[in-house]
Amino acid sequence: MYFFNKYKIQILLWVFIIAYSVYFSWFSVLRYKTLYASYYDLGIMHQTVFNTYQSLKTGDWSKFLELTNPTGAEQIKRMAIHNDPLLALLAPLYFIYPGLDTLLVVQSIVLALGALAIFKIANFIFQKNRYAQFLSLIFALSYLLYPPLQLANIFEFHAVTLATTLLLFMFYFWLVKKYWFSFIFFGLSLLAKEQVVLTTMMFGLYGLWVSFRHSGERSDSRIDSGPHYAQRATRGRQARMTSKEKIFLSGVIFISIFWFIFSVFYIIPIFRGGNHFAATRYSDFGESPIRIIIGLMTNPYSISKYIFRDYTLNYLKTLLGPVGFLSLLSPIQLLIALPEFAINLLSKNPNMRNVIYHYTAVITPFVFISAIYGTKKVISYLLMVIGKKNNENKIILFMSIYVLFFAVGNAYLNGPLPYAKKQNIHPIKWPQPQAKDAAFWGKTLRDENLRISATGQLSPFFTSRRYFYTFSARYRLADYVVLRPSEIYNYPEKKELIPVYEKLITDKNFQLIYKKENFEVYKKL
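Remember, the numbering used here sits 3 above the position in the sequence shown when you count from 1.
Encoded structure:
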């Protein structure tokens, strides 16, 4: 490790970050341009941000966080689905380029910068010595190779995916006692999605627990005399939680609880006109959010039925395996994400336990933070057993190889990169033949005042407008209908959509103006 001095390590770190940003920006944009992305959720997110951008541009605030109801015909606010106003903060970037490419590039860059936070957290925990910087670099690289992170990056765009990096920086700035910076990242995190605040609440409780524990360990109230009493007393006072930290952590807990209650019981019901749509995923525990919470607290047997199933072990293996299961050696940091684990494991929606989606975004930071603390415990134990003299370098090298082995191995077995076993290279090798037609008609119908209806994988090309209808019986509201018959016949909802498509073909109010193999455009007369 002689060759890896401080500056070379930092250069390598930025090489890794830039390489990740470039590849995943390019790949995610290519994915949508070759018709592998979809209305759920790239089209939905883009329409919301685009309309918010239009509201900033024109002063028409009725468009702010507005989209067409994905399952209806009316215009709704994004808060009727999720309370993730972080989307509004992305809208000014559309003044640079008002296309969904912007969202995909921003998502890749923000996730890549999470490696910087990982490096800084690890470097702080490992005491910032020369060899520890090398191990910190390995953890940053393992983060960038983490299959759930890469898969969430690839799967469309979601505001909550950005929470991975935001939560990491929140934790780092708390570690180094820069509470204002930590509070800023906390505030951005809670804007990413309504349930993120359950995890930030746990972070606040964790911070209080750590501070009180360290204060108790370092101040020895039982010894009130002796030559070292003054030194112990001084250390005790220094270790006690400062008023600034107490205010910060208490504020995080209070604001988290308030924002969760305000979002789930007021904001979403007001804009939706009813309970949160996801409440049905937990109907075994109750019919409304408050009944679900009560049911979870009073019915542990139902919880155990969901948790102690085969998929739970596989789910945890996929999450923890890439860090060599080191997180299990320091579970207290992993438990910060306990609410998110519960949300995913107790849901009736199996997609929430599939790591190819964005549902791991809030868990990922604490998988790595706990793994770093777990590694510190292993190093401390080995130093105690083997002896520190001339062995610290070897131990850190051993742990670096261990972490890198599991990171690279899992990236190969479960990751989407080229040459991985489950490589995701369809956009590169097999672009959909209708991609050029989609791009052409996307430009031809770019007038944002036109109302368009399109099938799922064509939708991202046509959501830069106020009114957009995913193909269904609501096609009658559109000025143009753009579709691929193959999507209709392969949709899970094909029983409902095939009769709609057959009706469109014979609908005298619409004329077929363009037809090519598996690509059709209809215009309202």
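We put the beta carbon where it would ideally sit given N, CA and C, even for glycine.
These figures come from a predicted structure and were not determined experimentally.
### Endpoints, the beta strand (DSSP E) within which Tyr-39 is located
No beta strand (DSSP E) contains Tyr-39, which DSSP labels as neither H nor E.
### Message
Among the candidates Asn-521, Leu-331, Asn-352, whose CA atom is the shortest distance from the CA of Lys-439?
### Response
Its Cα nearest to that of Lys-439, the residue Asn-521 stands out among Asn-521, Leu-331, Asn-352.
### Message
Just to confirm my understanding: we take Leu-420, look at its own chain, exclude 5 residues before and 5 after, and list those with CB closer than 6 Å. What are they?
### Response
Result list for Leu-420: empty, nothing under 6 Å.
### Message
Closest to Phe-511 by C-alpha separation, out of Lys-526, Glu-77, Pro-502, would be which residue?
### Response
It is Lys, not Phe, that sits at residue 511 in the sequence shown. If we check each option's Cα against that of Lys-511, Lys-526 comes out closest.
### Query
If you run the structure through DSSP and keep just helix, strand and coil, what is Lys-498?
In the three-state reduction of the DSSP assignment, Lys-498 falls in the helix class, which pools H, G and I.
### beta strand (DSSP E) runs wholly inside the segment 75 to 130, at least 3 long, in chain order
Runs found: 78 to 80.
### Query
If you draw a straight line from the C-alpha of Trp-17 to the C-alpha of Gln-460, how long is it?
Whole-angstrom Cα-Cα distance: 35 Å.
### Task
Quick one: grab the DSSP three-state call for Asp-227.
Only weak support exists for where Asp-227 lies, its pLDDT of 43 falling under 50; the coordinates are left without a value.
### Query
Among Lys-247, Asn-156, Tyr-318, which residue has its Cα nearest to the Cα of Asn-347?
In terms of Cα proximity to Asn-347, the closest of Lys-247, Asn-156, Tyr-318 is Tyr-318.
### Message
Between which residues of its own chain and Val-32 is the CB-CB distance below 6 Å, once the five residues before and five after are set aside?
### Response
Once the five neighbours on either side are set aside, the close Cβ partners of Val-32 are Asp-104, Leu-107.
### Query
Using the beta-carbon count (16 or more within 10 Å), is Ser-383 buried or exposed?
Burial call: exposed.
### Query
If you drop the 5 nearest sequence neighbours on each side, which residues of the same chain put their C-beta closer than 6 Å to that of Ile-14?
Once the five neighbours on either side are set aside, Ile-14 has no close Cβ partner at all.
### Query
Whose CA, out of Ala-374, Met-205, Leu-93, lies closest to the CA of Phe-409?
For Phe-409, the nearest C-alpha among the options comes from Ala-374.
### Query
Going by DSSP, which residues form a beta bridge with Ile-455?
DSSP, once it has assigned bridges, lists Phe-471, Tyr-483 as partnering Ile-455.
### Message
Can you tell me whether Phe-288 is helix, strand or coil according to DSSP?
### Response
The answer is coil: DSSP assigns Phe-288 none of H, G, I, E or B.
### Message
Between which two residues does the beta strand (DSSP E) holding Lys-446 run?
### Response
Lys-446: not part of any beta strand (DSSP E); member of the alpha helix (DSSP H) spanning 438 to 447, first to last residue.
### Message
Tell me the rounded alpha-carbon separation between Ile-47 and Thr-466.
### Response
Going from the Cα of Ile-47 to the Cα of Thr-466 covers about 8 Å.
### Query
Out of curiosity, what's the CA-to-CA distance linking Leu-147 and Thr-164?
Approximately 14 Å between the Cα atoms of the pair.
### Query
Nearest to Phe-261 by CA position, among Leu-193, Leu-116, Leu-480, is which residue?
For the residues Leu-193, Leu-116, Leu-480, the minimum Cα distance to Phe-261 belongs to Leu-193.
### Message
Just to confirm before moving on: does the CB-CB distance between Thr-203 and Phe-189 stay below 8 Å?
### Response
Result yes, Cβ atoms of Thr-203 and Phe-189 sit closer than 8 Å.
### Task
Provide the residue span of the beta strand (DSSP E) that contains Thr-71, from first to last.
Boundaries of the beta strand (DSSP E) around Thr-71: 69 to 71.
### Task
State buried or exposed for Lys-247, treating a residue as buried only when at least 16 other CB atoms are found within 10 Å of its CB.
Exposed, since its Cβ has fewer than 16 Cβ neighbours within 10 Å.
### Message
Just to check my reading of the structure: Ala-481 and Val-503 have Cβ atoms closer than 8 Å, yes? What is that Cβ distance to the nearest angstrom?
### Response
Rounded to the nearest angstrom, the Cβ distance from Ala-481 to Val-503 is 12 Å, too far for a contact under 8 Å.
### Query
What residues match up with Leu-515 in a beta bridge as DSSP calls it?
Per DSSP, the beta-bridge partners of Leu-515 are Tyr-525.
#### Entry: Extent of the continuous alpha helix (DSSP H) to which Leu-178 belongs
Per DSSP, Leu-178 belongs to the alpha helix (DSSP H) from 166 to 178.
### Query
Relative to the C-alpha of Lys-446, which residue among Val-485, Lys-425, Pro-150, Pro-272 is closest?
Taking only the C-alpha atoms, the option nearest Lys-446 is Val-485.
### Which listed residue (Ile-157, Leu-45, Ala-115, Ser-24) has its alpha carbon closest to that of Ile-428
Comparing Cα-Cα distances from Ile-428 to each of Ile-157, Leu-45, Ala-115, Ser-24, the minimum goes to Ile-157.
### 6 Å CB neighbourhood of Phe-176 in its chain, flanking five on each side removed
Here Phe-176 has Phe-184, Ser-185 as same chain residues with Cβ atoms under 6 Å from its own Cβ, once five neighbours each way along the sequence are excluded.
### Query
Which value, in whole angstroms, describes the spacing of the CA atoms of Gly-540 and Lys-519?
Residue 540 is absent from the structure shown; the chain starts at 4 and stops at 528.
### Query
Would you call the segment 338 to 358 and the segment 309 to 318 in contact, with 3 or more CB pairs under 8 Å?
Yes, the segment 338 to 358 is in contact with the segment 309 to 318.
### Exposed unless 16 or more other CB atoms sit within 10 angstroms - verdict on Trp-64
Label assigned to Trp-64: exposed.
### Query
Can we say the segment 77 to 97 touches the segment 121 to 138, given the rule of at least three CB pairs closer than 8 Å?
Contact fails between the segment 77 to 97 and the segment 121 to 138, because fewer than three Cβ pairs, one in each stretch, are under 8 Å apart.
### Query
Mind checking Lys-36: buried by the 16 CB within 10 Å criterion, or exposed?
Lys-36 should be labelled buried.
### Query
Helix, strand or coil: how does DSSP classify Thr-55 here?
Looking at Thr-55 - three-state DSSP - the assignment turns out to be helix.
### Query
Where are the alpha helix (DSSP H) runs, 4 residues long or more, that stay fully inside the segment 347 to 398, in chain order?
DSSP runs (the alpha helix (DSSP H)) wholly in the segment 347 to 398: 367 to 389.
### Task
With distances taken Cα to Cα, identify the nearest neighbour of Phe-371 among Phe-53, Ile-339, Val-388.
When only C-alpha atoms are compared, the closest one is Ile-339.
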